[in-house]
Every structure is written in C-alpha cells, then in structure tokens.
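J.:
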Amino acid sequence: MKSLKARLEELFEQLFAHYGAQNWWPAETPFEVMLGAVLTQNTAWANVEKAILNLKKLSELNPQALLAMPRELLAEAIRPSGYFNLKAERVQNLCALLADNRELHKLADLELRGQLLGVTGIGPETADDILLYAFQRPVFVIDAYTRRLLGRIGWIDADIAYEDLRQTIEQALAGDTEYYNEFHALIVIHAKRVCCKQPRCSDCHLSTLCSYPGN
DNA sequence: ACCCAGGGTCATA
DNA sequence: TATGACCATGGG
Numbered sequence: 042m043k044s045l046k047a048r049l050e051e052l053f054e055q056l057f058a059h060y061g062a063q064n065w066w067p068a069e070t071p072f073e074v075m076l077g078a079v080l081t082q083n084t085a086w087a088n089v090e091k092a093i094l095n096l097k098k099l100s101e102l103n104p105q106a107l108l109a110m111p112r113e114l115l116a117e118a119i120r121p122s123g124y125f126n127l128k129a130e131r132v133q134n135l136c137a138l139l140a141d142n143r144e145l146h147k148l149a150d151l152e153l154r155g156q157l158l159g160v161t162g163i164g165p166e167t168a169d170d171i172l173l174y175a176f177q178r179p180v181f182v183i184d185a186y187t188r189r190l191l192g193r194i195g196w197i198d199a200d201i202a203y204e205d206l207r208q209t210i211e212q213a214l215a216g217d218t219e220y221y222n223e224f225h226a227l228i229v230i231h232a233k234r235v236c237c238k239q240p241r242c243s244d245c246h247l248s249t250l251c252s253y254p255g256n
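This note's numbering runs 41 ahead of the 1-based position in the first sequence.
Here is the structure:
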C-alpha cells in the first residue's frame, strides 16, 4: 500500500506533466489576489474578472480606496460576480483589517490565518487562498475541486472536515509554498477541462482523475 | 427551465 | 455539531 505522500506526489506529477506550470494566482498585485479570493466565493472566475475590471475603472485597487468608496457604488461595480451586496461588505471588512494593521505580513502563519478568519466573510478556503497566493505562506488549499477529485479517487471521506483534510495533506506532503501553489492551481485547471464537465469522461487523458460530480 | 460556479454566515434544533 | 435558508450573476 502506497503512502498518501507517494500517491499525492504521483498525482502532482501526472497533472504537471499534462498542464505544465500555471503561474497562479491570476492577478497583478497581492491585494488583487485577496479581492479575487473573496469575489470568487461560489462563483465562476469569468464573472470575477468582469467585476474586477469594473472596479479598476472606478478606483485604484488598494484597501484605503475601497474603504472610502460608498458601499452601494462598490456593490454596483462588482455586480457580475454575484452576491454583490454581501461581497461589497466582505471586501470592505477585509480592507479594514488591512488598513488598520499594516504589519500583517510580519505575522507567523497561524497568527495571520487567525486574523484573516476573524474577518466576517472570510472562511477557511478564502483565508488559505490569501495565505498562499497573496502572502506566500506554505498552505495546501482545499476547495470543492480538491474534495471532489480526492473523493472520486477514493482517498478521502466525502465528509472530512476542512481542517482535518488540510492538515492530513500538509503532514503527508510537507511541501513548500511553491509546491502547494502549483498543486492547487493544477487541480483547478484540471477540473475546468471541458471533458471533466461531462457526465462521462472518455477522451480525457486523465480520465481516472476526472472530477465531474457524477463520475 | 435547470444546474453550477475557485464559499460563508446565521438561525435553529 | 449539524442541517437549512440565504446571498445573485452569467454561462452551459
């Protein structure tokens, strides 16, 4: 029986061999990463891109500017990303944390995670996206794709708690920031393949890794 | 017309 | 602790 570490590393190799380096997260600045992390909650990335583009036309992308913006105006700009009233509030909650604590980058990983989770609207996955892709901390992000993929392969229980799964994988891999960055990006890119969105996945080179819910 | 998307909060039992 | 309602747009 192969160890979890060996199986995960093999999975990484297969994905990397097919898709190559992804250079994530798609954003120009760390703050834009954080913004995207909130806006993409339960939302297709294409809609988030529209929202961010709208916002860039109205304002500089920094915490002070978005805090100064009337919430209604912010909400209207991010409308395409869905839940726009809710997300306008969440974005400003995050901005408030960033604006009145300029030393966040000096905090240890766990402290920083605690600060992020303290923001209403930032849950475990959004916090980990921010930790990994904005603050370059070694965190393995668990999202719906990751659960679906690992669940489908039969490596995890469907109902394992977020923290338990994250720590199980991090303990097994003991990877660095760059490795976790690439790994999560590959899982998402793989899940977005057209063939992985079909009920049956026959032409996928990695058919056994297809993450469509019904497979 | 339906389903889903790079989730999270809050009220209730 | 564990469900369920709610948030809302856009593409397939």
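Idealized CB from N, CA, C, for every residue including glycine.
Are Gly162 and Val89 touching if we call contact CB-CB under 9 Å?
T.: Counted from its first residue, the first sequence places residue 162 at position 121. Counted from its first residue, the first sequence places residue 89 at position 48. No; because the gap between Cβ atoms is not below 9 Å, this pair is not in contact.
J.: To which residues of the same chain is Tyr186 closer than 7 Å at the C-beta, ignoring the five residues directly before and after it?
T.: Against the first sequence, residue 186 aligns to sequence position 145. Counting only Cβ-Cβ distances below 7 Å, and skipping sequence neighbours, we find Ile228, Val229, Ala232, Ser252.
J.: Quick one: what's got a C-beta closer than 7 Å to Thr167's C-beta in the same chain, skipping five residues either side?
T.: Along the first sequence, read from residue 1 onward, the residue named residue 167 stands at position 126. Closer than 7 Å at the Cβ level, and outside the excluded window around Thr167, lie Ala78, Val79, Gln82.
J.: Using the Cα positions of Arg188 and Asn142, report the straight-line distance between them to the nearest angstrom.
T.: One-based indexing of the first sequence puts residue 188 at position 147. One-based indexing of the first sequence puts residue 142 at position 101. Each residue's alpha carbon lies about 33 Å from the other.
J.: I'd like to know whether the C-beta atoms of Thr218 and Gln177 end up nearer to each other than 9 Å.
T.: As a position in the first sequence, residue 218 is number 177, starting the count at 1. As a position in the first sequence, residue 177 is number 136, starting the count at 1. Yes, Cβ-Cβ distance for Thr218 and Gln177 is below 9 Å.
J.: Taking all protein chains shown into account, decide if Gly195 is buried (16 or more other Cβ within 10 angstroms of its Cβ) or exposed.
T.: Translated into the one-based positions of the first sequence, residue 195 becomes position 154. With fewer than 16 Cβ atoms within 10 Å of its Cβ, Gly195 is classed as exposed.
J.: So what's Trp66 in DSSP terms, helix, strand or just coil?
T.: Here residue 66 corresponds to residue number 25 of the first sequence, with the count starting at 1. Of the three classes helix, strand and coil, the one that applies to Trp66 here is coil, per DSSP.
J.: With burial defined as no fewer than 16 other Cβ atoms inside 10 Å of the residue's Cβ, what is the status of Gln133: buried or exposed?
T.: Here the question's residue 133 lines up with position 92 in the first sequence. Gln133 comes out buried.
J.: State the Cα-Cα distance for the pair Glu54 and Arg112, rounded to the nearest angstrom.
T.: Walking along the first sequence from the start, residue 54 turns up at place 13. Walking along the first sequence from the start, residue 112 turns up at place 71. For Glu54 and Arg112, the distance between alpha carbons rounds to 45 Å.
J.: Select from Thr70, Ala226, Gly216 the residue whose C-alpha is nearest the C-alpha of Lys46.
T.: In the first sequence, residue 46 corresponds to position 5, counting from 1. That would be Gly216, whose Cα lies nearest to the Cα of Lys46.
J.: Assign Asp169 to buried or exposed, taking buried as 16 or more other Cβ atoms, counted over all protein chains shown, within 10 Å of its Cβ.
T.: Residue numbering aside, residue 169 sits at position 128 when the first sequence is read from its first letter. It is buried - the Cβ of Asp169 has at least 16 other Cβ atoms within 10 Å.
J.: Would you tell me roughly how many angstroms separate the C-alpha atoms of Ala257 and Arg234, rounded to the nearest one?
T.: Examination of residue 257 is not possible in this model, given that the chain is present from 42 through 256 alone.
J.: What does the Cβ neighbour count give for Ser44, buried or exposed, with the cut at 16 atoms within 10 Å?
T.: Position 3 of the first sequence, counted from the start, is the residue given in the question as residue 44. Per the 10 Å Cβ criterion, exposed.
J.: Applying the criterion that 16 or more other CB atoms from any shown protein chain within 10 Å of the CB defines a buried residue, is Leu49 buried or exposed?
T.: For the purposes of this step, residue 49 is taken as residue 8 along the first sequence, with counting starting at 1. Buried.
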